[in-house]
Structures are given as structure tokens and as C-alpha cells.
Amino acid sequence: MSDDGSEPLADRIGRRIGELSAAERRVAEYLWKHPGMIVLSTAGELGTLSGTSDATVIRTVKALGYSGLPELKRAVGRDVVSDTPATRLRKRVEQAGDDTTSLLDELLAESVDRLTETRRLLAEPAFTAAVELLAGANAVLGYGLGVSELPVRYLATRLQRLGRRARSTSATGFRLADELLTIEAGDVVVLNAPERLLPDMTTLVRHARSVDAGVLLLTDSLGATLDSQVDVTLTATRSPSGLTQEGLSTTLVLDCLLLAIAKKDPSSVSANTELLASLRDRLVPGTPRRRP
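When we follow our numbering, the leftmost residue of the sequence shown carries the number 705, and every step to the right adds one.
Dropping the structure here:
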């Protein structure tokens with residue numbers, strides 16, 4: 705028999721998470737982070753998205769106290785309709801304090817929470833594997849769409865300053881096809897996809913694998929979906945409110961990777977730093993020297 709239908713999905717998951725198997729926990733985590741997909745997807749589709757199976761999805765739904773997927777869809781449907789990104793942001797803005805100090809404290813607190821959680825989720829084996837993957841790359845291609853390209857553009861610039869071949873793109877459609885032609889064996893694709901997996905991203909990952917290029921995924925919630933298709937996944941938590949900069953956690957992760965890569969070859973870093981400073985001075989005499 706199902707539980708009281710008024711109990712929110714998140715509360716059910718919180719109460720029962722310790723009773724679920726590892727695969728069921730993956731499903732529960734996906735359902736919690738993507739309630740909109742519950743309404744739109746079949747059990748089979750939810751299984752694929754969570755990296756499990758339709759049978760595991762049904763078991764998880766029943767373990768959470770629902771009679772089946774239809775009841776879960778009905779339970780979350782009303783909230784999903786009214787819970788859009790614009791609605792969430794408006795509520796957060798309305799709930800924020802009115803004075804400057806309160807606003808500053810609230811945003812700083814969220815930023816600290818995000819960075820702390822990202823550090824907690826940054827497993828040492830995965831981080832070490834990501835460093836080795838990037839350090840051994842012939843060339844690096846960063847990919848992200850919209851503001852998600854900004855962190856990988858930053859990564860490409862910093863890698864170039866370390867003396868490594870790197871670039872970034874946000875191309876889609878036919879323009880992306882031209883970019884894919886340049887990916888070769890031994891290259892590494894860094895995909896920054898916080899929470900949405902679009903067809904262009906899937907094509908990028910599949911093509912990279914087909915030419916023996918590596919793939920590093922930076923994400924908040926797509927790990928379970930793409931784990932089997934990428935070499936390494938690093939989690940960077942996104943803003944729950946939309947009020948703090950989307951790439952904050954991702955940039956922290958990238959800075960950690962860049963420092964680890966720089967420490968592997970300090971002499972090369974030093975040479976490139978001097979060259980960069982020299983080029984800047986020729987272009988704009990008297991330019992202050994800054995970090996690479």
C-alpha cells in the first residue's frame with residue numbers, strides 16, 4: 705500500500721535512503737534532482753537516465769511508498785508545473801533580505817556551501833585520474849553551452865599559458881561537426897554539462913570515444929547518465945537558487961586541476977610564463993607581470 709500522498713518525494717527519499725540498494729539509491733537521487741523528468745519519462749527512460757534499468761526504477765518507486773510510477777507522476781505533477789526556474793528565482797529574490805549586509809551574507813553563505821560540498825564530492829582517485837588524463841593529452845577541447853562554456857574557455861586559456869595545446873567551443877549543429885573533425889586520438893574533451901544532456905553533447909562524447917580521445921565530464925547531476933561513456937567524472941555542485949554564479953564550483957575544480965598539472969612540469973611553466981610576459985611587454989610596454 706502507498707504512503708500518504710501528501711508527503712513530498714524528497715522527504716520520502718530522506719527517510720528511506722538507508723534501506724535502498726546502491727542501484728536504487730542512484731534512481732532515488734536522479735528522481736530527487738530531476739522531478740520534471742518523472743512526469744515526462746517512462747520507466748525505461750528513467751532507467752537509462754539514471755544508469756540503471758526499468759525494473760530498478762519500479763522497485764525504487766515502490767520502495768518509496770508509491771503503488772507504481774503512475775502514482776508518483778500524479779504526486780509530483782502539480783509541483784513540477786508550478787516549479788519553473790523563473791518561479792524558483794523569483795521566490796528566492798523575494799525571500800532574500802532587504803538590506804545590503806543580509807544579501808551579501810546570504811550569497812556568501814550559499815557560495816561557501818557550494819564549494820564545501822564540491823570539495824566533499826571531489827574523490828581523490830577521480831581527481832588524480834583527471835589530472836593524469838589532462839596532463840597526458842595531446843590537445844584539450846573544452847565544450848559547454850551558454851554560460852557553461854565560460855569555465856572551459858578559462859581552462860583552455862590557462863592550459864595555453866602552461867604551454868599546452870587547448871581550445872574551447874560552444875558550437876552546435878553543423879558548426880559542431882567541423883569541430884569534431886579536429887579531434888584525434890590522444891586528445892581529451894572536457895565536457896561541462898551541469899544538469900542537461902543535449903543531443904550535441906551525446907554526439908560529441910560518442911565521436912571522441914570512436915577516435916580514441918579521452919573524455920572528462922564536469923557535472924552536477926549527469927554522472928549516473930554518462931559514467932559508462934566517459935573516462936572520469938568530477939562533480940561540481942550548482943546553485944540551488946540561481947543567485948550565485950553558475951560556474952563557481954566548476955572553476956574551483958578547474959583551478960585545482962590546473963595547479964596539479966603545473967606542478968608536474970614547473971620548468972615548462974616557468975619558461976612559458978617568461979615568454980608570456982615578454983610578449984605582453986612587446987605588445988603593451990610596461991604591462992605588469994601576472995600569474996600565467
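Using N, Cα and C, we set each Cβ at its ideal position, and we do this for glycine too.
- Annotated three-state conformation of Arg900 is coil, per DSSP.
- Beta-bridge annotation (DSSP): Arg716 is not paired with any residue.
- In this structure the stretch 870 to 878 touches the stretch 839 to 859; the number of beta carbon pairs closer than 8 Å is three or more.
- Within 10 angstroms of the beta-carbon of Ala759 lie fewer than 16 other beta-carbons, which makes it exposed.
- Between Glu888 and Ser925, the gap from beta carbon to beta carbon reaches 7 Å or more.
- Between Thr941 and Ser953, the C-beta spacing is below 7 Å.
- For Ala870, there is no enclosing alpha helix (DSSP H); the residue is part of the beta strand (DSSP E) that begins and ends at Ala870 to Thr873.
- In this structure, the alpha-carbon of Val892 lies about 43 Å from that of Ala779.
- Per DSSP, the beta-bridge partners of Thr923 are Thr939.
- In the three-state scheme derived from DSSP, where H, G and I count as helix and E and B as strand, Val915 is classed as coil.
- Three or more Cβ pairs drawn from the stretch 967 to 978 and the stretch 861 to 870 lie within less than 8 Å of each other, which places the two stretches in contact.
- Around the Cβ of Asn842, a 10 Å sphere holds fewer than 16 other Cβ atoms; the residue is exposed.
- Assigned with DSSP and collapsed to three states, Val988 falls in coil, not helix or strand.
- DSSP, reduced to helix, strand and coil, places Gly877 within a helical segment of the structure shown.
- DSSP places Gly846 in the strand class (E or B) of the three-state scheme.
- For Gln933, no alpha helix (DSSP H) run applies, since DSSP gives it neither H nor E.
- In the DSSP annotation of this structure, Asp891 is not part of any alpha helix (DSSP H), being labelled neither H nor E.
- For Leu808, the number of other beta carbons within 10 angstroms of its own is below 16, and it is reported as exposed.
- Here Val835 is near Ala964, since their CB atoms are less than 7 Å apart.
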